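Okay, structure first, notes after.
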Amino acid sequence: MKYVRLMGFLFCALAPMVSYAQGEYVLRPEEINERALIDMLAPETAARPARPKSRSINVMREESSPTASKPAAASLLIIFETNSATLTPKGKQSLDVVGRALNSEKLVPFSFTIEGHSDPRGGDELNLKLSQARAESVVGYLSDSHQVERSRLKPVGKGPTELLNPARPDAPENRRVTIKRLDK
Numbered sequence: 001m002k003y004v005r006l007m008g009f010l011f012c013a014l015a016p017m018v019s020y021a022q023g024e025y026v027l028r029p030e031e032i033n034e035r036a037l038i039d040m041l042a043p044e045t046a047a048r049p050a051r052p053k054s055r056s057i058n059v060m061r062e063e064s065s066p067t068a069s070k071p072a073a074a075s076l077l078i079i080f081e082t083n084s085a086t087l088t089p090k091g092k093q094s095l096d097v098v099g100r101a102l103n104s105e106k107l108v109p110f111s112f113t114i115e116g117h118s119d120p121r122g123g124d125e126l127n128l129k130l131s132q133a134r135a136e137s138v139v140g141y142l143s144d145s146h147q148v149e150r151s152r153l154k155p156v157g158k159g160p161t162e163l164l165n166p167a168r169p170d171a172p173e174n175r176r177v178t179i180k181r182l183d184k
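Quick note: the sequence shown, position 22, residue 22 per full-length UniProt numbering, numbers continuous.
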């Protein structure tokens with residue numbers, strides 16, 4: 001019995017770390033802040049250290065960069081009215097932070113896709129339309145309330161095609177908005 005409790009405790013303690021490690025963590029409204037969004041969406045600016053010149057033979061290894069394979073992205077839990085693309089006051093509050101981040105000096109030069117995601121309840125066709133409407137609602141709010149140029153934002157509805165938590169299809173993290181930087 002102690003073994004079962006210990007395993008349960010370890011699972012609960014380590015599950016969030018797995019989400020962080022996979023880069024699929026969804027920021028909840030209370031976790032959304034400008035600095036975090038800018039860090040997640042801005043390109044890497046750290047330059048590689050210069051190698052000293054030498055007359056010896058150096059074997060260069062190609063270093064894999066996790067940021068090179070995946071676009072810069074931030075997944076956010078933006079709250080909408082149930083079965084609607086209407087933002088709640090809490091959803092608008094979260095997007096106010098997003099708007100300030102997108103208007104920051106580091107992010108103004110870039111364009112972004114705004115992906116709407118849904119859970120599978122209600123059918124694929126309905127959820128695809130709902131997720132597209134929610135992505136468009138986010139773009140509209142950012143453009144109208146924060147003067148983020150619409151030409152920098154491309155709304156995309158994903159429906160239930162990219163569940164973050166397939167073990168719990170109705171989990172909140174499956175109903176999210178993902179912002180991805182489009183590299184020039």
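All residues carry an ideal CB built from backbone N, CA and C; glycine is no exception. Note that this is a predicted model, so its numbers are computed, not measured.
Worksheet item: Along the chain, where does the alpha helix (DSSP H) that runs through V156 open and close?
Response: First-last for V156: L153 to G159, but that is the beta strand (DSSP E), not the alpha helix (DSSP H).
Discussion item. Taking a contact to mean a Cβ-Cβ separation below 7 Å, would you say K158 touches T113 in this structure?
Written reply: no
Discussion item. Taking its Cβ as the centre, do 16 or more other Cβ atoms sit within 10 Å of V26, making it buried, or is it exposed?
Written reply: buried
Item to complete: Would you please state the rounded distance, in angstroms, between the beta carbons of V148 and N103? I believe it to be under 8 Å.
Response: 6 Å
Worksheet item: Quick one: what does DSSP say R35 is sitting in, helix, strand or coil?
Response: helix
Item to complete: Evaluate D124 with the Cβ neighbour count: other Cβ atoms within 10 Å of its Cβ, from every protein chain shown; 16 or more gives buried, anything less gives exposed.
Response: exposed
Worksheet item: Quick one: what does DSSP say L164 is sitting in, helix, strand or coil?
Response: coil
Worksheet item: Quick check: the segment 84-96 against the segment 155-170, are there 3 or more CB pairs under 8 Å?
Response: no
Worksheet item: Hey, out of E105, N33, F80 and A133, whose CA is closest to A74's CA?
Response: N33
Discussion item. Please report the distance separating the alpha-carbon of S84 from that of R134.
Written reply: 8 Å
Item to complete: With DSSP as the reference, label R181 as helix, strand or coil.
Response: strand
Worksheet item: What first and last residue would you give for the alpha helix (DSSP H) that runs through A101?
Response: P89 to L102
Worksheet item: Which of helix, strand or coil does DSSP assign to S111?
Response: strand
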